[in-house]
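> The listed protein sequences correspond, in order, to chains A and B.
For the first sequence, the working numbering assigns the number 228 to the initial residue and increments by one for each residue that follows.
For the second sequence, the working numbering assigns the number 71 to the initial residue and increments by one for each residue that follows.
Just so it is clear, CB atoms sit at the ideal spot from N, CA and C, and this is done for glycine as well.
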Amino acid sequence: MDERHISFKVNGEAYALTVATNRTLLSLLRDTLKLTGTKYGCGEGECGACTVLMDGRPVNACLVLAVKADKSEILTVEGLADGGKLHPLQTAFIEKGALQCGYCTPGMLMSAYALLQGNHRPNDAEIADALAGNLCRCTGYQKIYDAVKEAAKVLYTEDGND
Amino acid sequence: MIEPFVYYTPAAVAEAVQLLGQRSAKLIAGGTDVLVQMQEGLLSPEALVDISGIDALKGIREETEHVVIGAAATHHEVMEWAHNLPQYAALAEASGSVGTPQVRNIATVAGNLCNAVPSADLGAPVLLYNSSLTLASANGSRQLPAIEFFTGPKKTALLPGEMVLSIRLTAPPVGCASAYCKHGPRKASDLAMVGVAAMVGLDDNSAVTSLVIGLNAVAPTPILVQGCEQLVGQVMSLSLLDRCARMAAQQCRPITDYRAGAEYRRDMVGVLTKRALERCAAKLGKEVREDG
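In structure tokens:
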């Protein structure tokens, strides 16, 4: 069994560990680090339930070898809240009813988070493009778009940033 | 579950080609296609050679007469680079239509070409630029015209132990714009039933100064529509669009499969050819003229 030593950060915390080369980042996050917020959906990069940010960009953790995370910074859904305080995206998802079964929600949140980093006032079309790799079989998406716009408002207008 | 393999991360091309030559090794860059096949048990190489860390293969380089897209350049990088370059818009639009944002952040243009599935989106756009591929093996390197790279469905001219280093595009003449139109079951994360790439140059009087059309998913390989150069000098008009659409539809060789019928694909080649040419004209600030 081929193994590699890797060091990387997850949600700001530094890790140094040895992983088998045939493991995925998703398996490392869920099974070793017990960060089970990131979900296994299709396992082939179609559904987006396993979306995490790698150096600021959304990727499918099921399609990234764990060894590829070496020297990278990973952000998972567990890293969004500030202590006990939910991130405005999370609050908006709850308030707008943007989830039903909730399985896609962590991935949706991560893709939406990446979008809002670069676009403080996304319209529906831009949100749809950014979330095109995240499938939801419950909501019909409109409430998710509403939540993302609401979060953008909270994040970037109320304090006069934008 | 992925079968165990030995994982190599060469720092230089010389090391990579040695590894590819010596073992039953599979090359990955983004790995988005290879890993899916490995998870499904369709592929179980003894070794993976990950070239994504080789500096010489990263990024996109603009030279005087050429653009060089490194084998490790992702779709996202191509989209960012070509964002405001109408002459390379076909590449940006094709890369932007591959998979999902998550996939485009790690999957590469070179990987899309090497898979060589007929529906691969980057095939036809790359052909627009009279491109060549720089290939290397332990025995040395060679240049191959992109049109000769594709030899059949999932088949390329790559020899055992050989890899793509870069894609070299010839810069189009000033005043050209390009576009990629794709038709699939849904907008995101789907394979093309038909893909049409076009590049058009127009002079001040809307006369064609250059015209190239490439087709995806309607032949065993991506193809260029033959005879477009004979249309140089003609005015960009509705009848010219019709003529191009007929030429494209006549020259394509689509098959019927579970995604679409051959006749439907052929019809859509005509529709998308017109659409791609119209979009090129619009990007150049020109309208397609009514005839007569």
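Counting Cβ pairs, one atom from each stretch, are 3 or more of them under 8 Å apart for the stretch 268-286 of chain A and the stretch 318-327 of chain A?
The stretch 268-286 of chain A is not in contact with the stretch 318-327 of chain A.
> So is residue 364/A buried or exposed if we call it buried at 16+ other beta carbons inside 10 Å?
Classification of residue 364/A: exposed, given that the 10 Å Cβ count is below 16.
> Would you say residue 284/A faces chain B, with C-beta separation under 7 Å as the test?
Cβ-Cβ to chain B under 7 Å: yes for residue 284/A.
> Would you decide whether residue 209/B is buried or exposed? Buried here means 16 or more other CB atoms lie within 10 Å of its CB.
Under this definition residue 209/B is an exposed residue.
> Compare the C-beta of residue 246/A against all C-beta atoms of chain B and say whether one is closer than 7 Å.
No - not a single Cβ of chain B is within 7 Å of the one on residue 246/A.
> If you draw a straight line from the alpha carbon of residue 192/B to that of residue 169/B, how long is it in whole angstroms?
Computed Cα separation, rounded: 12 Å.
> Going along chain A in order, which residues have a C-beta closer than 8 Å to the C-beta of residue 23/B?
Past the edges of chain B, shown from 71 to 362, lies residue 23/B, and the structure says nothing about it.
> Comparing the C-beta of residue 343/A with each C-beta of chain B, is any distance below 7 Å?
No - not a single Cβ of chain B is within 7 Å of the one on residue 343/A.
> By DSSP, does residue 262/B sit in helix, in strand, or in coil?
Residue state, collapsed to three classes: coil.
> Do we get a CB-CB distance below 7 Å when we pair residue 238/A with the residues of chain B?
It does not: the Cβ of residue 238/A has no partner Cβ on chain B nearer than 7 Å.
> Just checking: is the beta-carbon of residue 249/A within a distance shorter than 7 Å of some beta-carbon in chain B?
Residue 249/A counts as touching chain B.
> Please tell me whether residue 72/B has its Cβ less than 7 Å away from any Cβ of chain A.
Closer than 7 Å: yes.
> Is it the case that the Cβ atoms of residue 264/A and residue 303/A are separated by a distance below 7 Å?
Against a cut-off of 7 Å, the Cβ pair of residue 303/A and residue 264/A comes out as a contact.
> Return helix, strand or coil for residue 27/B, following the three-state DSSP convention.
The structure shown does not extend to residue 27/B, since chain B is modelled only from 71 to 362, so the question has no answer here.
> In chain B, what lies closer than 7 Å to residue 270/A by C-beta?
Residues of chain B passing the Cβ test: 109.
> Determine whether the Cβ of residue 435/A lies closer than 7 Å to any Cβ atom of chain B.
Because chain A is modelled from 228 through 389, residue 435/A falls outside the range shown and cannot be assessed.
> Counting only beta-carbon separations shorter than 7 Å, does residue 309/A have a partner in chain B?
Residue 309/A does not count as touching chain B.
> Could you tell me the distance, in whole angstroms, from the CA atom of residue 306/B to the CA atom of residue 270/B?
Roughly 10 Å separates the two Cα atoms.
> Where are the alpha helix (DSSP H) runs, 4 residues long or more, that stay fully inside the stretch 226-263 of chain B, in chain order?
Here no run is fully enclosed.
> For residue 347/A, tell me which candidate among 292/A, 230/A and 376/A has the shortest Cα-Cα distance.
Considering only alpha carbons, the answer is 376/A.
> Starting from residue 370/A and walking both ways along the beta strand (DSSP E), at which residues does that stretch end?
Premise fails: residue 370/A lies in the alpha helix (DSSP H), 369-383, not in any beta strand (DSSP E).
> Would the stretch 306-321 of chain B and the stretch 233-251 of chain B be scored as touching if the rule is three or more Cβ pairs under 8 Å?
Touching, no, given that fewer than three Cβ pairs across the two stretches are closer than 8 Å.
> Quick check on residue 343/B: does DSSP put it in helix, strand or coil?
In the structure shown, residue 343/B sits in a helix (DSSP, three-state: H, G or I).
> Taking the DSSP output, what are the residues bridged to residue 207/B?
The partner list for residue 207/B (beta bridge, DSSP) reads 210/B.
> Could you check whether the stretch 336-343 of chain B touches the stretch 315-324 of chain B, counting it as contact only if at least three pairs of C-beta atoms, one from each stretch, sit closer than 8 Å?
With the cut-off at 8 Å, the stretch 336-343 of chain B and the stretch 315-324 of chain B touch.
> For residue 287/A, list the residues DSSP reports as bridge partners.
In the DSSP output, where bridge partners are listed per residue, residue 287/A has 278/A.
> Go through its chain and collect everything with a Cβ distance to residue 182/B's Cβ below 6 Å, but skip five positions before and after it.
Here the set comprises 190 and 192.
> Taking CB distances under 7 Å as the criterion, tell me whether residue 294/A reaches chain B.
Yes, residue 294/A lies at the interface with chain B (some Cβ there is under 7 Å from its Cβ).
> To the nearest whole angstrom, what separates the beta carbons of residue 268/B and residue 346/B, a pair I think is in contact under 8 Å?
That belief holds up - the Cβ atoms of residue 268/B and residue 346/B are roughly 4 Å apart, short of 8 Å.
> What does residue 351/A reach in chain B if we use C-beta pairs closer than 7 Å?
Chain B residues near residue 351/A: none, gap ~14 Å exceeds 7 Å.
> Please go through the same chain and pick out, in chain order, the residues whose beta-carbon is closer than 6 Å to the beta-carbon of residue 212/B, but skip the five residues on each side of it.
Result list for residue 212/B: 205, in chain order.
> With a cut-off of 7 Å, does the C-beta of residue 279/B fall near any C-beta of chain A?
Not one chain A Cβ lies under 7 Å of residue 279/B.
> For residue 254/A, which option in 317/A, 275/A, 292/A and 232/A has the closest C-alpha, if you only look at C-alpha atoms?
Ranking the options by Cα distance to residue 254/A, first place goes to 292/A.
> Please classify residue 228/A as buried or exposed, where buried requires at least 16 other C-beta atoms within 10 Å of its C-beta.
Label assigned to residue 228/A: exposed.
> How do the stretch 121-128 of chain B and the stretch 148-163 of chain B stand: do at least 3 beta-carbon pairs fall below 8 Å, yes or no?
No: fewer than three Cβ pairs fall under 8 Å.
> Excluding the five sequence neighbours on either side, which residues of its own chain have a C-beta within less than 6 Å of the C-beta of residue 304/B, listed in chain order?
Excluding positions up to five away in sequence, the list reads 278 and 310.
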